[in-house]
Amino acid sequence: MSNKEAAASNFIRQIIDEDLRSGRNAGRIATRFPPEPNGYLHLGHAKSICLNFGIAQDYGGTCNLRFDDTNPEKENVEYIEAIKEDVRWLGYSWTELLFASDYFDRLYGFAEDLIRAGRAYVCDLDAEQMREYRGTLTEAGRDSPYRGRSVEENLDLFRRMRAGEFEDGARVLRAKIDMASPNINLRDPTLYRIRRGAVHHQTGEAWPIYPMYDYTHTVSDALEGITHSLCTLEFEDHRPLYNWFLEHLDVPAQPRQYEFGRLNLEYTVLSKRKLTELVAEGHVQGWDDPRMPTIAAIRRRGYPPEAVQDFCDRIGVTKSDGMVEMAMLENSVREALDATAPRAMAVLNPLKVVIENYPEGQVEETAAANHPKDEAMGRRLIPFTREVYIDRNDFMEVAPNNKYKRLALGGEVRLRNAYVIRCDRAIKNDAGDVVELRCSYDPATLGANPEGRKVKGVIHWVSASHGVPAEVRLYDRLFTVPNPGAVRDHDWRDDLNPGSLIIVQAVVEPMLAGASAGSSFQFEREGYFCVDSRDSAPERLVFNRTITLRDTWAKLSAKS
Numbered sequence: 072m073s074n075k076e077a078a079a080s081n082f083i084r085q086i087i088d089e090d091l092r093s094g095r096n097a098g099r100i101a102t103r104f105p106p107e108p109n110g111y112l113h114l115g116h117a118k119s120i121c122l123n124f125g126i127a128q129d130y131g132g133t134c135n136l137r138f139d140d141t142n143p144e145k146e147n148v149e150y151i152e153a154i155k156e157d158v159r160w161l162g163y164s165w166t167e168l169l170f171a172s173d174y175f176d177r178l179y180g181f182a183e184d185l186i187r188a189g190r191a192y193v194c195d196l197d198a199e200q201m202r203e204y205r206g207t208l209t210e211a212g213r214d215s216p217y218r219g220r221s222v223e224e225n226l227d228l229f230r231r232m233r234a235g236e237f238e239d240g241a242r243v244l245r246a247k248i249d250m251a252s253p254n255i256n257l258r259d260p261t262l263y264r265i266r267r268g269a270v271h272h273q274t275g276e277a278w279p280i281y282p283m284y285d286y287t288h289t290v291s292d293a294l295e296g297i298t299h300s301l302c303t304l305e306f307e308d309h310r311p312l313y314n315w316f317l318e319h320l321d322v323p324a325q326p327r328q329y330e331f332g333r334l335n336l337e338y339t340v341l342s343k344r345k346l347t348e349l350v351a352e353g354h355v356q357g358w359d360d361p362r363m364p365t366i367a368a369i370r371r372r373g374y375p376p377e378a379v380q381d382f383c384d385r386i387g388v389t390k391s392d393g394m395v396e397m398a399m400l401e402n403s404v405r406e407a408l409d410a411t412a413p414r415a416m417a418v419l420n421p422l423k424v425v426i427e428n429y430p431e432g433q434v435e436e437t438a439a440a441n442h443p444k445d446e447a448m449g450r451r452l453i454p455f456t457r458e459v460y461i462d463r464n465d466f467m468e469v470a471p472n473n474k475y476k477r478l479a480l481g482g483e484v485r486l487r488n489a490y491v492i493r494c495d496r497a498i499k500n501d502a503g504d505v506v507e508l509r510c511s512y513d514p515a516t517l518g519a520n521p522e523g524r525k526v527k528g529v530i531h532w533v534s535a536s537h538g539v540p541a542e543v544r545l546y547d548r549l550f551t552v553p554n555p556g557a558v559r560d561h562d563w564r565d566d567l568n569p570g571s572l573i574i575v576q577a578v579v580e581p582m583l584a585g586a587s588a589g590s591s592f593q594f595e596r597e598g599y600f601c602v603d604s605r606d607s608a609p610e611r612l613v614f615n616r617t618i619t620l621r622d623t624w625a626k627l628s629a630k631s
């Protein structure tokens, strides 16, 4: 079954299929992705993006990108541009780019309509009093003493709120629904609050009052003719309020709201509050730090967009929340990069090797495939010289057992795409550390096996005189446990992984010197890496490790 076929089995698509069969909405499908521009999007938002835009794409419908911008103190243009870039990067384009603030005049007009119909009133209770009057999950609320104001008085006060006469917090406009409702969202929710002096990124200082999210979201959906309003499960209790607005306002459409389980992912946090704290407290180096689960961060880390789409298809869309294994996301990333990333050699922990019987000053070019499974990627030439670097982890003075396939004193190993070498002696410093190897090579082994003996191991290498220095950032999971902070009386920050970033000074093969920002490679035997889009420059190469070749956490989890 293809990913698209699997995606078609989710309950939302089944609802859409039934709507199309019944002729509801005249066969029209219209969705929207409605982020608040008050932060960077994360992988949970990616799931919603793929769902909303994917449905529109697959059913020949429309999908708007609408910014629900009703909180000017926390919103800015930086977030708007970042969100637009995230959507484009994931491979989608919107039908219309809209802002809830586009509808401020109409939202205000609908609010006056509710007042005239006796379904909204201006309330003078302060925030603490409103909480007291609202009641609890087990106790009904009480009517505000201002609930009985006349239509005329409410219209007058609301217009004076609009004119900026009152201080912040002095008054709000509330819907008049049912203070005894078991659903607290229906206990006369606030529709408008005063925000004098706030400078909105789209409307400037034109409005001293701002509509609340639930009200704005519903009316915006109706004005845009949305057919299927898809939300995460925390909005399930808000659906009766969504429907109440549609029932009591003269709007041009009657969208339906459906809720799906939000994404919870192991070894990270997807709470906007916690992500903000990670940045503010300096645990990471910004919203696009490659350890973060934001879309900007995973893009910088080198995740391909098709891997994120594949991951969202694999986890599916359900009616309940659940924890998703990080390994599912990482497997999608590995599969995508395995097919597309050219191969290259990089030595992350260099140890110098001098091949004493190779002519001094000679440079030989050995050929290597850019991808072992895709001949269309072509081949490259790698300079081979008397002095090369190998990885320090590929050498031991004494082989520990017969299964050891790397280099040891007196042992042989093949340099990938080049010759078989034998380690003759190791040079040490005063502390007893090996700082250089002296080796010899077999000139008959370029592209051929040595006669009369079997060489087990193959290791990577880089020419000492042609290799290019590079900073390599070894990123790992941000937390050490699957569910950070799950233990009672345990701060989630205590679960941060101290080894989530290790920086090494490496040497990479010369063809990587010209790699463009964001381009990905498989460093053979090491993992998948990309050129850092922010810090890398021709004179200072910086690579980010996107992911290891294998799941190194699986063994750790098995041992724990």
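Taking our numbering, I'd label the letters of the sequence shown as residues 72 to 631.
Positions of the beta carbon are idealized from the N, C-alpha and C atoms, including for glycine.
- Under DSSP, no beta-bridge partner is assigned to H531.
- DSSP, reduced to helix, strand and coil, places Q356 outside both helices and strands of the structure shown, so it counts as coil.
- DSSP places N488 outside any beta strand (DSSP E), giving it a letter other than H or E.
- In this structure, the alpha-carbon of M397 lies about 26 Å from that of V613.
- Secondary structure of T623 (DSSP, three-state): helix.
- V388 is positioned such that its CB atom lies closer than 7 Å to that of N81.
- In this structure, R362 is the residue among T347, G357, R230, R362 with its C-alpha nearest to the C-alpha of Y338.
- Around the Cβ of S571, a 10 Å sphere holds 16 or more other Cβ atoms; the residue is buried.
- Its Cα nearest to that of E595, the residue A412 stands out among R605, A412, A479.
- Between G219 and Q380 a beta carbon distance of about 54 Å is seen, past the 8 Å cut, so the two are scored as non-contacting.
- Between P514 and V491, the C-beta spacing is not below 7 Å.
- Looking at the DSSP output, M394 sits in a beta bridge with N335.
- Of all alpha-carbon atoms in R548, V539, W563, the one lying nearest the alpha-carbon of V578 is that of V539.
- Annotation for H299: the continuous beta strand (DSSP E) segment containing it runs 299-303.
- Within the DSSP bridge table, the entry for N615 names R544, C601 as partners.
- Rounded to the nearest whole angstrom, the C-alpha separation of F229 and L244 is 7 Å.
- The alpha carbon of A497 has as its nearest neighbour, out of A479, R372, E446, L486, the alpha carbon of A479.
- Three or more Cβ pairs drawn from the stretch 422-437 and the stretch 449-458 lie within less than 8 Å of each other, which places the two stretches in contact.
- Shortest Cα-Cα distance from I530 to any of A489, V505, D562 involves A489.
- The DSSP-derived three-state label of N256 is helix.
- By the neighbour-count definition (other C-beta atoms within 10 Å, threshold 16), D560 is an exposed residue.
- Your pair R414 and N441 checks out as a contact, with CB atoms roughly 6 Å apart and the cut at 8 Å.
- Annotated three-state conformation of R362 is coil, per DSSP.
- Counting other Cβ atoms within 10 Å of its Cβ, T141 reaches 16 or more and is therefore classed as buried.
- According to DSSP, A479 shares a beta bridge with M467.
- Under DSSP, V505 shares a beta bridge with K499.
- Partner residues in a beta bridge of C383, as assigned by DSSP, do not exist.
- Measuring C-alpha to C-alpha distances from C383 to each of R92, P555, S119 identifies S119 as the nearest.
- Distance check between S221 and each of A234, R190, Y204 places R190 closest, using alpha-carbon atoms only.
- Assigned with DSSP and collapsed to three states, L408 falls in helix.
- Every unbroken stretch of the alpha helix (DSSP H) spanning 4 or more residues and falling wholly within the stretch 169-253 is given here in chain order: 175-187, 198-205, 222-233.
- With a cut-off of 8 Å on Cβ pairs, the stretch 201-213 is not in contact with the stretch 172-183, counting fewer than three such pairs.
- E458 carries a strand assignment under DSSP once its states are collapsed to helix, strand and coil.
- The beta carbons of S93 and G373 sit no closer together than 7 Å.
- Cα atoms of F316 and A293: separation of roughly 10 Å, rounded to the nearest angstrom.
- Nearest to L112 by C-alpha distance, out of T347, A97, E436, D409, is T347.
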